[in-house]
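Undergrad: Here it is, the structure, as structure tokens.
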Amino acid sequence: MDLLLSSGFLAFARHLGFLRALEAQGTVPDAVVGTSSGALVGALWVAGWPLDKIAAELSRQTPLSQVGWSWAPWRGLWTMEPVIRQLRQWLPEKIESLRVPFAVGVVTQNQHRLLTQGSLPQAVAASCAMPYVFQSVLVDGLKCQDGGVLDRLGVDAWRRWRPGKKGLAHWVDRTAGKDSAADMSDLQVVRTPRSGAKFWSLGDFEGQQVEAQKCATQSLGD
122 MDLLLSSGFL AFARHLGFLR ALEAQGTVPD AVVGTSSGAL VGALWVAGWP
172 LDKIAAELSR QTPLSQVGWS WAPWRGLWTM EPVIRQLRQW LPEKIESLRV
222 PFAVGVVTQN QHRLLTQGSL PQAVAASCAM PYVFQSVLVD GLKCQDGGVL
272 DRLGVDAWRR WRPGKKGLAH WVDRTAGKDS AADMSDLQVV RTPRSGAKFW
322 SLGDFEGQQV EAQKCATQSL GD
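Quick note: the sequence shown uses this note's numbering, first residue 122, plus one each step.
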């Protein structure tokens, strides 16, 4: 079964809680699609990081402390360069070198796209780069930004990439971005609430995980 992790405003803890429920049930995905916060958590998880380590690193600093001011604010208030440098220390260089197939949802040239090859740190950073807030990120020659702007889950793109595969989607309630009108009748979907996080505070990170894990455990059990 393939796993789809939606965008969600700084919803790292929500995805971690969902993944804790999956691990408790022994579920191992055949492939993973991640967008925005789902791309970041998903990439670290697929790269082999334990969930406790992901939680510790992502909650250690406020999001604002990890980005840089832009010298061209008309292109975005902040730059993702510090994030890219950090991701290069955490992640393999190439998407295709991960242990399972992985796809990152981005928007490039005003179109939604899944990146399945190329620079993993830059692709993940681009998927988190909200337009107007962050500058676009150059990924193998393409200017890319947050895929959630056009499609928070990337269901149709996933079907084109992995035709005929079964899927399980973690769909964090929308704060921003767009939920597409894709047919989801053949997908198992777990819904969890918005994170309530802010750029200057991730809020009750542990509480968000616990709540998401309970939601996922009940939904998967049903």
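The beta carbon of each residue, even a glycine, is placed where N, CA and C say it ideally should be. On a predicted model such as this, the values are computed, not experimentally measured, just so you know.
Identify the continuous beta strand (DSSP E) that holds K335 and give its terminal residues.
TA: Premise fails: K335 lies in the alpha helix (DSSP H), F326 to G342, not in any beta strand (DSSP E).
Undergrad: Pick out whichever of E214, V225 and K215 has its Cα sitting closest to the Cα of G159.
TA: V225
Undergrad: Just to confirm the assignment, what range does the beta strand (DSSP E) spanning K319 have?
TA: Per DSSP, K319 belongs to no beta strand (DSSP E) and is neither H nor E.
Undergrad: Do K299 and D325 have their beta-carbon atoms positioned less than 8 Å apart in this structure?
TA: Their beta carbons are not under 8 Å apart, which means D325 does not touch K299 by this criterion.
Undergrad: Taking the alpha carbon of R280 as the point to measure from, which residue in D304, W292, A297 and M201 has its own alpha carbon closest?
TA: D304
Undergrad: If the criterion is Cβ atoms closer than 8 Å, does the pair V310 and A297 meet it?
TA: no
Undergrad: Using only alpha-carbon positions, find the residue among Q266, V260 and Q146 that is nearest to P242.
TA: V260
Undergrad: With 16 other CB atoms within 10 Å as the buried threshold, where does R150 fall?
TA: Note that residue 150 corresponds to Pro in the displayed sequence, not to Arg. Its Cβ being crowded by 16 or more others within 10 Å, P150 is buried.
Undergrad: Should W166 be labelled buried (16 or more other beta-carbon atoms within 10 Å of its own) or exposed?
TA: buried
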